[in-house]
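Everything in the sequence shown is counted per full-length UniProt numbering, starting at 1 for the first residue and increasing by one.
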Amino acid sequence: MTIVILGAHSLRNVEVDSRQVREVEKRFPHPGYYSPFKGNDLMLLKLKEPVMLTKTVKCLQLGNTVKEPPAGSKCMVAGWGRTESNQPSDVLMSANVTVIDRETCNSYYYYTVITSDMICAGSTGKKKVDVCRGDSGGPLLCDGVLVGATSFGRTCESKENVPGVYAFVSNKQLSWIKETMKSYEMP
């Protein structure tokens with residue numbers, strides 16, 4: 001059984017007033033997902049029961065178009081992934097990251113597998129700030145708009161300032177999301 005936890009800040013402390021737990025009824029992996037290179041690394045989940053929208057559980061609206069954020073854009077990521085101590089975080093963490101241009105990210109020094117369905121973002125300062133194991137699927141928000149989902153990166157222990165890679169929620173991906181939701185009667 002797979003569950004989704006919503007409205008939680010801490011994974012250990014049960015926030016009775018805000019936490020909602022739902023079972024996953026069905027998974028919808030992107031039909032173009034390509035595991036070796038993480039292409040189209042998106043999945044939709046249909047929950048068994050509806051979610052109540054509250055002050056701690058909100059929807060990120062999907063627009064009709066998502067523009068790719070230009071290099072240098074300041075964005076935010078969030079998740080409960082591993083921290084500097086190499087342990088999962090108990091509380092929801094967030095970090096500010098900067099979009100890196102695709103050509104640089106696709107270079108020999110970084111990944112060489114970056115496609116137009118991916119966005120690279122990471123720390124440009126002296127202190128390395130990035131997503132880590134356990135953050136996969138988490139949001140990449142630029143100007144408050146969901147533009148990506150955490151996909152992959154280098155090992156968290158790496159001291160290099162190598163950006164993380166995010167599945168880009170492009171217009172092509174929005175079409176797949178909307179069609180899938182419509183086909184399976186997801187609100």
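Yeah, the Cβ is synthetic: ideal placement off N, Cα and C, and Gly gets one too. Given the structure is predicted, the values throughout are model-derived calculations rather than measurements.
Beta-bridge pairing by DSSP links Gln-20 to Leu-6. Looking at the DSSP output, Val-145 shares a beta bridge with Cys-142.
For the set Lys-48, Gly-32, Pro-31, Asp-41, the Cα lying nearest the Cα of Thr-2 is the one of Lys-48. Assignment of beta strand (DSSP E) within the segment 58-98, counting only whole runs of 3 or more residues, yields 74-79 in chain order.
Nearest neighbour of Ile-5 by Cα position, chosen from Gln-87, Val-21, Glu-103, turns out to be Val-21. In the same chain as Asn-106, and ignoring 5 residues on each side of it, the C-beta atoms closer than 7 Å to its own belong to Thr-112, Ile-114, in chain order. Cβ-Cβ distances below 8 Å link Val-51 to Leu-6, Gln-20, Arg-22, Val-57 in the same chain, with the five nearest sequence neighbours on each side left out; the list follows chain order. Nearest neighbour of Asp-117 by Cα position, chosen from Arg-82, Phe-168, Leu-140, Gly-125, turns out to be Phe-168. Excluding its 5 nearest sequence neighbours in each direction, Met-43 has C-beta neighbours in its own chain below 7 Å: Arg-27, Phe-28, Pro-29, His-30, listed in chain order.
Asn-86 counts as exposed, since fewer than 16 other beta carbons sit within 10 angstroms of its beta carbon. Boundaries of the alpha helix (DSSP H) harbouring Ile-177: 171-183, taken from the DSSP string. Here Ser-123 carries a coil assignment [DSSP, helix/strand/coil]. Cβ-Cβ distances below 6 Å link Ala-95 to Val-77, Val-129 in the same chain, with the five nearest sequence neighbours on each side left out; the list follows chain order.
Around the Cβ of Asp-41, a 10 Å sphere holds 16 or more other Cβ atoms; the residue is buried. Shown here for Asn-161: same chain residues with a beta carbon closer than 6 Å to its own, the five before and five after excluded, namely Ser-123, Lys-128 in chain order.
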